[in-house]
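Just so it is clear: in the sequence shown, position 2 is -15 by this note's numbering, and no numbers are missing.
Have a look at the structure below, then the notes.
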Amino acid sequence: MSIKHNAKTKKKTLPRVRPELCKGCSFCTEACPEGVLRMGKGRNAMGYFTAEVLHPQRCTGCRFCTLMCPEVAIELWQED
Ligand code: SF4
Ligand code: SF4
-16 MSIKHNAKTK KKTLPRVRPE LCKGCSFCTE ACPEGVLRMG KGRNAMGYFT
34 AEVLHPQRCT GCRFCTLMCP EVAIELWQED
């Protein structure tokens, strides 16, 4: 499977979910056009099922997930 790069910066982007902030709404998993994210089976301290990164190599850096998350629980990182 090929690794996708941000169309503007040409750098690889990687999403990270902060499970302690996630409230399990699944907005991010539905928004991601590449299927990078999924809802996990584990609960956080608040009792919510949390999103997790399933296919990081598919991320294009479109930021849809970060824009959709009402809890600001997703960070996008770029490789150096
Ligand atoms: S930045 Fe885009 S491709 Fe990457 S995980 Fe978020 S929604 Fe999916
Ligand atoms: S949009 Fe945010 S709060 Fe909702 S499941 Fe995704 S990471 Fe969790």
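C-beta: ideal position from N, C-alpha, C; glycine also.
Since LEU37 and VAL19 should fall inside the 8 Å C-beta cutoff, what is the C-beta to C-beta distance between them, to a whole number of angstroms? 7 Å
On the DSSP bridge list, what partners appear for VAL36? LEU20
Can you tell me whether ALA28 is buried or exposed? The criterion is at least 16 other CB atoms within 10 Å of its CB, across all chains shown. exposed
Answer yes or no: the CB of LYS6 versus the heavy atoms of ligand 2, is any distance below 7 Å? Checking the Cβ of LYS6 against ligand 2 gives yes.
In whole angstroms, what is the alpha-carbon distance linking ARG1 and GLU58? The straight-line gap separating the alpha-carbon atoms of ARG1 and GLU58 is approximately 8 Å.
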